[in-house]
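K.L.:
Please find one structure pasted underneath; my questions will follow.
Right under this line is the structure:
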């Protein structure tokens, strides 16, 4: 079954008055229905709850930024889902809500529970509509934005494609306002176009092109085709997926041919939850970063930092302190400390449980 994750940003769903643009939303729903008819399983990662709540409420009380986000999302998420349900039901399609947090990707059990939930929804013809649970996800617990969330969902669900819809046509090879500037249509795994990436964030969301670029590169490296396009363009989804985007501007990140296993995808997705660090010597770092990477042995470790148990995610640092990998530790931190530099020991991180960054 062909499977695609579509991320719809706040700037796509909102109009000039910052309220939900029903026309744009309805058009995207129509296109998703067409993709379903053509045999695609679709998962939506939709922003817009906070924007929806903000447009519904006129509060006089003074609230800090966290309180505002919690309030707007609590009110707006129900409204947003109601709108999706009404529009999809007209097409005979049932939707289901999936609210998640960044922490829910940190343990293997929660990761598999989320995946199982969405798998059964898809198998029963239900479209999962995913969003961050902003009522309890605050500060360091938050995703960077829904670009990050959509990338995690795409790799977790073994999607063939991830489409990130924003209010821009893609990544430009210069200032979009300058004459002669154009959208970069294809970015291969070894292409470095970071010099073209702006740092300005979008006006109504939390992210920006820097986030989209970083997420797209990472997800493409795990074997998923990633497209960045303008969600306000008519028929953008059907043009991109059914007509290969020939007539619409967009940027495609070509997927790596070396697909990671499901277990390694989880490790990669959990890298923000490392319980500790191990530092390596130059030889071990070189081997790990080489084409013929192997397990990390205690003999190549020079220091152990943090408090972790066997089975926890830990980060691997080179001699300069740069993170080069993450993996599942076969030792507790105390055991790892006692084995530093020793020969003939079992791997600290087995290759099958190691993700090279």
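Numbering (our numbering), first residue to last: 91 to 447.
By construction, the Cβ of each residue, glycine as well, lies at the ideal position given by its N, Cα and C atoms.
In angstroms, rounded to a whole number, what distance separates the CA positions of residue 296 and residue 363?
P.N.:
Here residue 296 is taken as the residue at index 206 of the chain shown, counted from 1. Here residue 363 is taken as the residue at index 273 of the chain shown, counted from 1. Summary for residue 296: the model assigns pLDDT 42, below 50, so the residue's position carries little reliability, and this model does not support an answer.
K.L.:
Under three-state DSSP, which class holds residue 375?
P.N.:
Numbered from its first residue, the chain shown carries residue 375 at position 285. In this structure, residue 375 counts as helix in the three-state DSSP scheme.
K.L.:
Scan the stretch 168-216 and note each continuous alpha helix (DSSP H) run of 4 residues or more that stays entirely inside, going in chain order.
P.N.:
The qualifying runs are 198-213.
K.L.:
Taking only the alpha-carbon atoms, compute the straight-line gap between residue 344 and residue 268 and give it to the nearest angstrom.
P.N.:
Translated into positions along the chain shown, residue 344 becomes position 254. Translated into positions along the chain shown, residue 268 becomes position 178. Distance between the alpha carbons of residue 344 and residue 268: 27 Å.
K.L.:
If you scan the stretch 92-160 from start to end, which runs of the beta strand (DSSP E) of 3 or more residues do you find wholly inside it?
P.N.:
Segments of the beta strand (DSSP E) lying fully in the stretch 92-160: 92-98, 130-136.
K.L.:
May I ask you to report which of helix, strand or coil DSSP gives residue 418?
P.N.:
One-based indexing of the chain shown puts residue 418 at position 328. It is a strand residue.
K.L.:
CA-CA distance, residue 436 and residue 384?
P.N.:
Counting from one through the chain shown, the residue named residue 436 turns up at place 346. Counting from one through the chain shown, the residue named residue 384 turns up at place 294. Rounded to whole angstroms, residue 436 to residue 384 spans 13 Å at the Cα level.
K.L.:
Taking the straight line between their C-alpha atoms, what separation do you get for residue 42 and residue 431?
P.N.:
Not covered by the structure: residue 42. The range shown for the chain is 91 to 447.
K.L.:
Can you name, in chain order, every residue of its own chain whose Cβ lies under 6 Å from the Cβ of residue 434, other than the five neighbours on each side?
P.N.:
Here the question's residue 434 lines up with position 344 in the chain shown. Once the five neighbours on either side are set aside, residue 434 has no close Cβ partner at all.
K.L.:
If you reduce the DSSP assignment to three classes, tell me which class residue 431 lands in.
P.N.:
Taking the chain shown and counting its residues from 1, one reaches residue 431 at position 341. The answer is coil: DSSP assigns residue 431 none of H, G, I, E or B.
K.L.:
Give the secondary structure of residue 326 by DSSP, where H, G and I count as helix, E and B as strand, and everything else as coil.
P.N.:
Here residue 326 refers to the residue found at position 236 of the chain shown. Looking at residue 326 - three-state DSSP - the assignment turns out to be helix.
K.L.:
What is the C-beta distance between residue 447 and residue 414, in whole angstroms, given that I count them as a contact (C-beta under 8 Å)?
P.N.:
Along the chain shown, one-based indexing puts residue 447 at 357. Along the chain shown, one-based indexing puts residue 414 at 324. Right, the Cβ-Cβ distance comes to about 6 Å (below 8 Å), so this counts as a contact.
K.L.:
On the CB-based measure, 16 or more other CB atoms within 10 Å of its CB, does residue 104 come out buried or exposed?
P.N.:
Taking the chain shown and counting its residues from 1, one reaches residue 104 at position 14. So residue 104 counts as buried.
K.L.:
Measuring only the C-alpha atoms, how far is residue 215 from residue 182?
P.N.:
Locating residue 215 in the chain shown gives position 125, where the first residue counts as 1. Locating residue 182 in the chain shown gives position 92, where the first residue counts as 1. For residue 215 and residue 182, the distance between alpha carbons rounds to 10 Å.
K.L.:
Between residue 48 and residue 380, what straight-line distance do the alpha-carbon atoms span, to the nearest angstrom?
P.N.:
No answer is possible for residue 48: the residues shown for the chain start at 91 and end at 447.
K.L.:
Roughly how far, in whole angstroms, is the beta-carbon of residue 252 from the beta-carbon of residue 244, given that I think they are within contact range, below 8 Å?
P.N.:
The count along the chain shown starts at 1 and reaches residue 252 at position 162. The count along the chain shown starts at 1 and reaches residue 244 at position 154. So it is a contact: roughly 4 Å between Cβ atoms.
K.L.:
According to DSSP, which residues form a beta bridge with residue 495?
P.N.:
Here the chain covers residues 91 to 447 and nothing more, so residue 495 does not appear.
K.L.:
From the DSSP output, in three-state form, read off residue 447 for me.
P.N.:
Within the chain shown, the letter at position 357 stands for residue 447. Three-state result, residue 447: coil.
K.L.:
Nearest by alpha-carbon distance to residue 160: which of 176, 223, 200, 151 is it?
P.N.:
Here residue 160 refers to the residue found at position 70 when the chain shown is read from its first residue. The candidate whose alpha carbon is nearest that of residue 160 is 223.
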